[in-house]
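Encoded as structure tokens, the structure appears first; notes follow it.
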């Protein structure tokens with residue numbers, strides 16, 4: 001992917017790695033992690049470029065064609081923190097340290113006993129030697145998994161207690177995509193680690209997919225009056241389509257506890273009857289915010305309230 | 321006009337045959353899942369072929385009929401024409417192959433699974449799995465002893481060296497060898513093992529019959545991989561943090577020379593006349609070619625992401 005930016009990018013990556021990260025790792029005698037750290041530098045540098053691109057491309061569009069006009073941008077700053085923590089690699093690094101060893105040990109146990117996970121290339125041999133087709137195939141499978149994860153985030157009360165943080169933003173912007181509770185992030189990472197085990201791809205292989213798709217996810221959350229048209233909105237999640245998902249009176253209502261759950265491809269919503277193609281440029285948020293429910297304002301305030309909501313739900317369930 | 325056309329076609333055929341027969345250097349781009357075919361005379365990448373996910377290491381089949389590439393994430397082995405680099409066949413269901421080795425008697429074929437802490441030993445004929453060992457932690461490089469009795473494996477994550485007894489079919493012993501051991505070779509007399517110890521910047525000399533480290537030879541920061549110069553006397557050691565390669569003489573057990581190779585030098589291939597050393601520079605996405613008379617960088621060949629294994633047919637004797 002970064003070949004598109006090579007050789008300039010690779011020289012910068014090498015420069016940063018060899019002059020800062022590598023000496024430190026060697027000093028700490030952690031040479032076993034050199035390759036992973038090198039990829040981490042790439043992730044970090046790409047994150048910087050991506051955040052710049054988000055700001056330079058999407059922010060002017062938000063100013064020119066806002067879906068919703070705000071009197072102030074109060075509360076948006078916290079979402080910027082979430083974005084930086086995620087896209088510059090802090091949160092992914094923590095999850096990598098926490099989840100990858102566990103996923104690897106399960107994988108190792110299964111493999112030791114003769115189980116080799118199936119791969120899409122194994123199921124569909126025509127994918128072998130066709131990297132672009134393979135990439136698209138994995139993208140579709142993972143987006144399908146993301147759709148069902150999102151359905152569960154709304155359906156299961158305890159998971160919604162965490163996911164509500166994402167929906168509580170009443171000034172939804174290009175920075176809102178990563179506004180998630182950390183436990184929700186852990187669950188999401190575990191979900192994909194499980195998928196990875198089944199389809200035989202280590203989670204680290206998802207990095208490229210994540211890097212390429214998250215710009216689209218930021219666009220989907222941007223406060224931009226933008227539809228991809230009648231057919232385009234069926235093919236790719238647009239700001240228009242996703243705004244309905246965050247609409248204050250629609251986002252967590254109805255039999256399915258929401259609508260328009262798709263992350264990249266709305267086809268899943270169409271197939272599973274959760275799509276709503278309606279014009280909407282109204283406010284975002286959760287209905288109980290109208291009654292003054294507070295989901296927190298600062299990063300830690302939001303995290304704390306998320307844990308409180310979760311404990312409340314779990315306690316309530318135990319008492320039943 | 322017709323004559324011109326015929327001449328053009330003939331010239332095209334001659335060029336095509338020439339290209340088809342020109343020796344290529346084969347470089348595994350582990351981050352891209354591709355193989356770069358590099359023209360050894362022009363030092364230009366002439367083609368990039370997708371082989372599978374995370375190809376790290378490669379080696380010739382014992383009869384030199386094909387070059388085998390291990391795709392660790394695709395769980396398969398891909399067989400290439402050793403001269404042209406073209407794909408000949410593919411063998412699936414080889415779980416997470418990272419490093420590879422054949423025993424001297426051609427009976428055994430072994431792979432390490434670096435990520436999943438495992439060593440698999442196959443019957444070389446037909447690649448049928450015979451033994452599987454779980455080893456702590458991060459089994460990296462491996463080598464058979466010349467009598468085909470033991471397989472030695474460096475355990476990068478637990479700072480150890482393990483010996484697998486192929487006759488008793490069990491792990492015979494495990495000893496500490498230094499912080500983050502990687503490359504391993506056996507000396508030409510078969511008595512000692514040489515292990516690149518990344519975290520301690522040296523090569524550990526292991527008397528494997530007595531299970532102990534008898535000497536440590538400082539080479540450079542991040543001493544990683546070892547490669548025979550094919551003269552029964554000297555080994556090359558890539559020091560990946562230092563950005564150097566050292567020449568280690570096993571008679572004197574001293575470093576003869578150390579020279580610069582940029583970008584995290586890793587795997588190596590030495591031309592049969594010992595005039596050119598080709599080294600994968602993983603951090604720079606290039607192959608660095610060293611003139612072994614001046615020990616200077618003579619050519620740089622941009623390849624793919626995280627280039628790792630490298631091979632060309634006209635190499636020094638293994």
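Residue numbers (our numbering), protein chains in the order written: chain A, 1 to 320; chain B, 321 to 638. Note that beta-carbon positions come from the ideal geometry of N, C-alpha and C, so glycine has one too.
Can you find the residues in the same chain that come closer than 7 Å, C-beta to C-beta, to residue 115(A), ignoring five residues on each side of it along the sequence?
none
I'd like the list of long-range same chain contacts for residue 266(A), defined as Cβ closer than 8 Å, with 5 residues on each side in sequence excluded.
233, 234, 235, 236, 237, 241, 260 and 275
Pick from 617(B), 600(B) and 494(B) that is closest to residue 471(B), judged by C-alpha positions
494(B)
List the residues of chain A whose Cβ lies closer than 8 Å to the Cβ of residue 452(B), in chain order.
112
Same chain, Cβ closer than 7 Å to residue 637(B), neighbours up to 5 away in sequence not counted
550
Got a sec: which bits of the segment 356-370 of chain B sit with their beta carbon under 9 Å from any beta carbon on chain D, in order along the chain?
The question asks about chain D, but that chain is absent: this structure's protein chains are A and B.
Where does residue 587(B) fall in DSSP's three states?
strand
Can you tell me the Cα-Cα spacing of residue 468(B) and residue 453(B), whole angstroms?
17 Å
What did DSSP end up calling residue 359(B) once you bin it into helix, strand or coil?
strand
Could you give the distance in angstroms between the alpha-carbon of residue 503(B) and the alpha-carbon of residue 583(B)?
18 Å
In the DSSP assignment, what are the bridge partners of residue 273(A)?
According to DSSP, which records beta bridges pairwise, residue 273(A) is partnered with nothing at all.
Quick one: which chain A residues come within Cβ less than 9 Å of residue 516(B)?
Residues of chain A passing the Cβ test: none, with the nearest at roughly 10 Å.
Identified DSSP bridge partners for residue 295(B):
Here chain B comprises residues numbered 321 to 638, so residue 295(B) is not present and cannot be evaluated.
Cα-Cα separation between residue 512(B) and residue 84(A), rounded to whole angstroms:
51 Å
So, under 8 Å CB-CB, residue 521(B) and residue 541(B) are touching, yes? Tell me the CB distance rounded to an integer number of Å.
5 Å
Would DSSP call residue 263(A) helix, strand or coil?
coil
Residues near residue 321(B) by beta carbon distance below 8 Å, same chain, minus five either side
Per-residue confidence for residue 321(B) stands at a pLDDT of 48, beneath the threshold of 50, marking its modelled position as unreliable; no derived number is given.
According to DSSP, is residue 324(B) helix, strand or coil?
Because residue 324(B) carries a pLDDT of 48, less than 50, the predicted location of this residue cannot be relied on, and no value is offered for it.
Just to confirm the assignment, what range does the alpha helix (DSSP H) spanning residue 323(A) have?
Only positions 1 to 320 of chain A appear in this structure, which leaves residue 323(A) out of reach.
I'd like to know if residue 583(B) contacts chain A, where contact means its C-beta is closer than 8 Å to some C-beta of that chain.
yes
Tell me, please, whether the CB atom of residue 223(A) is closer than 8 Å to any CB atom in chain B?
no
Starting from residue 29(A), find everything on chain B with Cβ-Cβ shorter than 7 Å and list it in chain order.
499, 500 and 519
Keeping to the same chain, check which residues put their C-beta closer than 8 Å to that of residue 479(B); ignore five residues upstream and five downstream.
496, 497, 498, 499, 500, 501 and 519
Can you tell which of 394(B), 448(B) and 379(B) has the C-alpha that lies nearest to the C-alpha of residue 401(B)?
379(B)
Please return the same chain residues whose Cβ sits closer than 8 Å to the Cβ of residue 102(A), not counting the five positions on each side in sequence.
193
Sorted by chain position, which residues of the same chain lie with C-beta nearer than 7 Å to residue 292(A)'s C-beta, five sequence neighbours on each side aside?
none
Residues of the segment 261-273 of chain A whose Cβ lies closer than 7 Å to any Cβ of chain B, in chain order:
none
Taking the beta strand (DSSP E) that residue 482(B) falls in, what are its first and last residues?
480-485
Please list the segments of the beta strand (DSSP E) lying wholly inside the segment 434-470 of chain B, counting only runs of 3 or more residues, in order along the chain.
438-443, 448-454 and 459-464
Cβ shell of residue 324(B) (< 6 Å), same chain only, five flanking positions each side left out
At residue 324(B) the pLDDT is 48, less than 50, meaning the model places this residue with poor confidence and gives no usable figure here.
Tell me, please, whether the CB atom of residue 108(A) is closer than 8 Å to any CB atom in chain B?
yes
Within 10 angstroms of the Cβ of residue 464(B), are there 16 or more other Cβ atoms? Answer buried if so, exposed if not.
buried
Once DSSP output is grouped into helix, strand and coil, what is the label at residue 335(B)?
Unreliable positioning characterises residue 335(B) in this predicted model, as indicated by a pLDDT of 42, which lies under 50. The coordinate reading is nonetheless provided below. In the structure shown, residue 335(B) sits in a helix (DSSP, three-state: H, G or I).
Report, in whole angstroms, the separation of the C-beta atoms of residue 131(A) and residue 370(B), which I expect to be a contact under 8 Å.
5 Å
Along chain B, in chain order, which residues have C-beta atoms closer than 7 Å to that of residue 14(A)?
583, 603 and 604
Residue burial classification, residue 109(A) (beta-carbon count within 10 angstroms, cutoff 16)
exposed
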